[in-house]
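Chemist: Quick one: the structure is below, and I'll ask about it shortly.
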Amino acid sequence: MGPLSSSDELEDYLWQPVEKVNDPLKWWVNNRETYPTLYRMALDYLSVPATSTAVERVFSQGRQLLHFTQNHLSPSSTRAFLCLGLWLRTDLIVVEEVVSIVKQSKKRKVAEMDPAMAT
Numbered sequence: 002m003g004p005l006s007s008s009d010e011l012e013d014y015l016w017q018p019v020e021k022v023n024d025p026l027k028w029w030v031n032n033r034e035t036y037p038t039l040y041r042m043a044l045d046y047l048s049v050p051a052t053s054t055a056v057e058r059v060f061s062q063g064r065q066l067l068h069f070t071q072n073h074l075s076p077s078s079t080r081a082f083l084c085l086g087l088w089l090r091t092d093l094i095v096v097e098e099v100v101s102i103v104k105q106s107k108k109r110k111v112a113e114m115d116p117a118m119a120t
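For the sequence shown, the numbering used here gives the first residue as 2, with consecutive numbering after it.
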């Protein structure tokens, strides 16, 4: 049986018995292979800082990021870098997995531009 479609993934998740968990983010990390689409959504929504202190820290990190890159990033890239940084600091994602994904993406782009250089 292949991977579930997004709608099948949601339906499967909703049919599961409710579990009592102390750390919902860790639960999603542990179940990311079963529910990959829902996992990505959960990271987006559940990793939002809950206190004003954390929000101020995120804005500070954003200022540092924007100054460092001299404002050449799009808003979506800025958001992605801030989320990625938070997820890495809180062990919600694995560095090696991110590196592997980036390398695969680069190989795909090279293959699209010049198939002979993809090997």
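Glycine included, every Cβ here is placed at the ideal spot set by N, Cα and C.
Under 6 angstroms Cβ to Cβ from valine 22, same chain only, skipping five residues before and after it: list those, please.
Modeler: For valine 22, where only same-chain residues beyond five positions count, the Cβ hits under 6 angstroms are Trp28.
Chemist: Closer than 8 angstroms by C-beta to glutamate 97: which residues in its own chain qualify, once you throw out the five before and the five after it? Chain order, please.
Modeler: In the same chain as glutamate 97, and ignoring 5 residues on each side of it, no C-beta atom comes closer than 8 angstroms to its own.
Chemist: I'd like to know whether the C-beta atoms of leucine 83 and leucine 26 end up nearer to each other than 9 angstroms.
Modeler: At the C-beta level, leucine 83 and leucine 26 stay beyond 9 angstroms of one another.
Chemist: Is the beta carbon of threonine 38 closer than 9 angstroms to that of leucine 11?
Modeler: yes
Chemist: Report buried or exposed for leucine 89, applying the criterion of at least 16 other Cβ atoms within 10 angstroms of its Cβ.
Modeler: exposed
Chemist: Tell whether a beta-carbon distance below 9 angstroms holds between leucine 85 and valine 100.
Modeler: Between leucine 85 and valine 100, the C-beta gap is not smaller than 9 angstroms, which leaves the two residues out of contact.
Chemist: Starting from the C-beta of isoleucine 102, find all residues in its chain whose C-beta is less than 6 angstroms away, skip the five residues before and the five after it, and write them out in chain order.
Modeler: none
Chemist: Within 10 angstroms of the Cβ of alanine 81, are there 16 or more other Cβ atoms? Answer buried if so, exposed if not.
Modeler: Here alanine 81 is exposed: its Cβ has fewer than 16 other Cβ atoms, across all protein chains shown, within 10 Å.
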